[in-house]
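Asker:
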Amino acid sequence: MKFYVRSGGLTVGGGEPLTQPEFVKELLRRAKEEYFIHTAIETSLYAPTEVVKEVLKYVDYIFVDI
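Going by my numbering, 40 is the number at position 35 of the sequence shown; the sequence numbering is gapless.
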């Protein structure tokens, strides 16, 4: 895990990752809280506001497609 802590990170993209909010939220939460990995998401934000808020709690960087 040393590589990830120092240099790497996790970016979730897709399709639209927010179509699977529970999986994405848990993946990002574990990456941040258990492994201290920087996280990012590439999304169009096409999801209910509450879903977006819950997932973004565990995101360091957001790439929004328009």
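Backbone N, C-alpha and C define an ideal beta-carbon position, used for all residues, glycine too. Bear in mind the structure is a predicted one, so any value in this text is a computation, not a measurement.
Could you name the residues that DSSP lists as bridge partners for E21?
Answerer: For the purposes of this step, residue 21 is taken as residue 16 along the sequence shown, with counting starting at 1. None, per the DSSP bridge assignment.
Asker: Starting from Y40, trace the alpha helix (DSSP H) in both directions and tell me its first and last residue.
Answerer: For the purposes of this step, residue 40 is taken as residue 35 along the sequence shown, with counting starting at 1. First-last of the alpha helix (DSSP H) with Y40: 26–40.
Asker: In three-state terms, what does DSSP make of V3?
Answerer: The requested residue 3 is not part of the displayed model; the chain covers only 6 to 71.
Asker: Going by DSSP in three states, L15 sits in which element: helix, strand or coil?
Answerer: By 1-based counting over the sequence shown, the position of residue 15 is 10. In the structure shown, L15 sits in a strand (DSSP, three-state: E or B).
Asker: Looking only at DSSP bridge pairs, what is V69 linked to?
Answerer: Here the question's residue 69 lines up with position 64 in the sequence shown. DSSP output for V69 lists T48 as bridge partner(s).
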